[in-house]
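Residues in the sequence shown are numbered from 141 upward in steps of one, following the numbering used here. The beta-carbon is built from N, C-alpha and C at its ideal position, and this holds for glycine as well. Source: prediction; values computed, not measured.
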Amino acid sequence: MSEVKVEHFYGIYPSSAYGNLLLVDPLLPPRKCYVDCITCPLRRDRVTEASLTASQPSQILGNIEERLPTGVELNGVLLWGSGDPLQLVNIHEILLSLRAFLSSRGIGRKLYVHTSLLGLLKCSEGSAQERARFVLEQVDVLLIPFLWYGAEKYLLGWPRERSFSEYLELLRKTFESNRDKLIIELHLFKVHENYYPEHFHIDETVAVLRYIKAEALVLKPVDRPPASPHVKPLPESRVKRVCEFFVEEGFKVNIDRYEPPSTPPRWQKTATVLYNHLLRIPSKYVEIKAMYGDLGIIALNNLLSKNMVSRIPWSGDIYFTGK
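Written out as structure tokens, the structure is:
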């Protein structure tokens, strides 16, 4: 196995809601994020710099082109990984380059950015306002995790830096002008024996969604081990009831699940892509086999032998995560 190193490109996210998305981490590990969400699988070593500079777009694109898989339909690109992409002072350059790349390669049409309420708020103030305007022009979808769960908000990672009213007004104004580009992502999980969301959490969330005039949302069941060992998946029956409740309240609801392809894509440098994938997304053996095939299992065993990957028992399964 040749040298394996940390890279910007880390595989495909096979989503039931969005299709097969190329995964790009413009910041690289270690984690650099405004917020500390309890559901995040990344190591919790938060930083609070106002803005950061990523690698040059040419480096990111070169990395993608070297590893781009074949034999799979691709539906777009998702920017997510070691921090909020909106932290980056050169995010506009990265988005322009990725947009041109999508067009030239005929890879789907969608450019997704996984951000946060605090990231969006900071990007909408002062000298950063132009950056926010440009981002909203260039992206197709901003995915915003929403942990609005009663008195436990702060324990679950809700950012304390600003008041709730500031976040709500930001969302309300952004929905007014960019309704089709914002998706509220509601995480579903369990901490010890407590369900999130409970019925009273849902009532509060419905009130918030109506205030900001959101018409749709995506439910994201937590399906792999976060950094916190106390977080577990919500029972499927509970996921179904939560979905039914929001539908009955008049919202359009989609559920985002990790759905590996029926046939593994063909990869360049399988071990490198797999290692980078596991650094960001812990995965089960069956998921690795489905996504990377027999070569992926060989690469996994080599990574284990080199102590670059560890095993994590979680919810009755063993997950593999990069070190």
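Between which residues of its own chain and residue i is the CB-CB distance below 8 angstroms, once the five residues before and five after are set aside?
{"i": "R397", "result": "S155, S156, A157, P361, D363"}
{"i": "R300", "result": "Y294"}
{"i": "K321", "result": "L276, V279, D280, V281, L282"}
{"i": "I452", "result": "P365, P422, I458, Y459, F460, T461"}
{"i": "R302", "result": "L258, L261"}
Would you please state the rounded distance, in angstroms, between the beta carbons of residue i and residue j? I believe it to be under 8 angstroms.
{"i": "K250", "j": "V229", "result": "Their Cβ separation, rounded to whole angstroms, is 24 angstroms, which puts K250 and V229 out of contact at 8 angstroms."}
{"i": "K172", "j": "G223", "result": "4 angstroms"}
{"i": "L258", "j": "V348", "result": "Their Cβ separation, rounded to whole angstroms, is 16 angstroms, which puts L258 and V348 out of contact at 8 angstroms."}
{"i": "I323", "j": "V358", "result": "5 angstroms"}
{"i": "V212", "j": "P405", "result": "4 angstroms"}
{"i": "I352", "j": "F315", "result": "5 angstroms"}
{"i": "L308", "j": "S264", "result": "About 14 angstroms separates the two Cβ atoms, so there is no contact after all."}
With distances taken between CB atoms, is the gap from residue i to residue j smaller than 9 angstroms?
{"i": "R420", "j": "L182", "result": "yes"}
{"i": "S256", "j": "C177", "result": "yes"}
{"i": "F286", "j": "E206", "result": "no"}
{"i": "G436", "j": "W454", "result": "no"}
{"i": "Q510", "j": "E233", "result": "This structure cannot speak to residue 510, because the chain is shown only from 141 to 463."}
{"i": "Y153", "j": "L235", "result": "no"}
{"i": "P422", "j": "N160", "result": "no"}
{"i": "H356", "j": "F391", "result": "Here residue 356 is Ala; the residue named in the question, His, does not match the sequence. Their beta carbons are under 9 angstroms apart, which means A356 touches F391 by this criterion."}
{"i": "V346", "j": "E389", "result": "yes"}
Rounded to whole angstroms, what's the CA-CA distance from residue i to residue j? Just pull it up for me.
{"i": "L326", "j": "L163", "result": "21 angstroms"}
{"i": "V393", "j": "E338", "result": "17 angstroms"}
{"i": "E376", "j": "A430", "result": "22 angstroms"}
{"i": "G433", "j": "W220", "result": "24 angstroms"}
{"i": "R447", "j": "N441", "result": "Strictly speaking, residue 447 in this sequence is Asn, with Arg absent from that position. Each residue's alpha carbon lies about 10 angstroms from the other."}
{"i": "Y294", "j": "S237", "result": "37 angstroms"}
{"i": "Q199", "j": "V379", "result": "40 angstroms"}
{"i": "E344", "j": "R273", "result": "30 angstroms"}
{"i": "V275", "j": "L167", "result": "17 angstroms"}
{"i": "L472", "j": "A411", "result": "Shown here, the chain extends from 141 to 463; a query on residue 472 therefore has no answer."}
{"i": "Y459", "j": "L443", "result": "14 angstroms"}
{"i": "D457", "j": "V331", "result": "18 angstroms"}
{"i": "A190", "j": "R271", "result": "Reliability of the predicted coordinates at A190 is poor, the pLDDT of 47 falling under 50, and no value is obtained from them."}
{"i": "F385", "j": "E333", "result": "21 angstroms"}
{"i": "P225", "j": "T403", "result": "31 angstroms"}
{"i": "Y252", "j": "P369", "result": "29 angstroms"}
{"i": "R381", "j": "Q227", "result": "36 angstroms"}
{"i": "R319", "j": "I438", "result": "45 angstroms"}
{"i": "E427", "j": "D165", "result": "21 angstroms"}
{"i": "I395", "j": "E143", "result": "38 angstroms"}
{"i": "E292", "j": "S243", "result": "44 angstroms"}
{"i": "R350", "j": "W298", "result": "20 angstroms"}
{"i": "A354", "j": "L418", "result": "34 angstroms"}
{"i": "S445", "j": "E399", "result": "28 angstroms"}
{"i": "R245", "j": "K424", "result": "31 angstroms"}
{"i": "H254", "j": "L296", "result": "18 angstroms"}
{"i": "V387", "j": "R312", "result": "21 angstroms"}
{"i": "G216", "j": "K409", "result": "21 angstroms"}
Can you list, in chain order, the residues of its chain whose CB lies under 7 angstroms from that of residue i, leaving out five sequence neighbours each side?
{"i": "S450", "result": "T461, K463"}
{"i": "T179", "result": "H327, F329, V362, P366, V371"}
{"i": "Y335", "result": "L374, R378"}
{"i": "W288", "result": "E344, T345, V348"}
{"i": "T464", "result": "Any property of residue 464 remains undetermined from this structure, which presents the chain solely from 141 to 463."}
{"i": "R239", "result": "L251, Q278"}
Can you check whether the C-beta of residue i is within less than 9 angstroms of a C-beta belonging to chain C?
{"i": "L440", "result": "Reference to chain C is not applicable here, since this structure consists of a single protein chain."}
In chain order, what residues of the same chain have a beta carbon less than 6 angstroms from the beta carbon of residue i, not counting five sequence neighbours either side?
{"i": "I204", "result": "F149"}
{"i": "I247", "result": "L214"}
{"i": "N416", "result": "E147, Y150"}
{"i": "G91", "result": "Because the chain in this structure spans residues 141 to 463, residue 91 falls outside the shown range and cannot be described."}
{"i": "Y413", "result": "Reading the sequence as shown, one finds Val at residue 413 and not Tyr. Correct list, in chain order: G151, R207, W407."}
{"i": "G266", "result": "none"}
{"i": "F241", "result": "L201"}
Item to complete: Can you check the stretch 200-269 for any beta strand (DSSP E) of at least 3 residues that lies completely inside it and give the ranges in chain order?
Response: 216-219, 250-254
Worksheet item: At which residue ranges does the stretch 363-401 contain complete beta strand (DSSP E) runs of 3 or more residues, listed in the order of the chain?
Response: 392-395
Item to complete: Counting only runs of 4+ residues fully inside the stretch 308-356, write out the alpha helix (DSSP H) ranges in chain order.
Response: 339-351
Worksheet item: Curious, which full-length alpha helix (DSSP H) runs of at least 4 residues does the stretch 264-303 contain?
Response: 269-278
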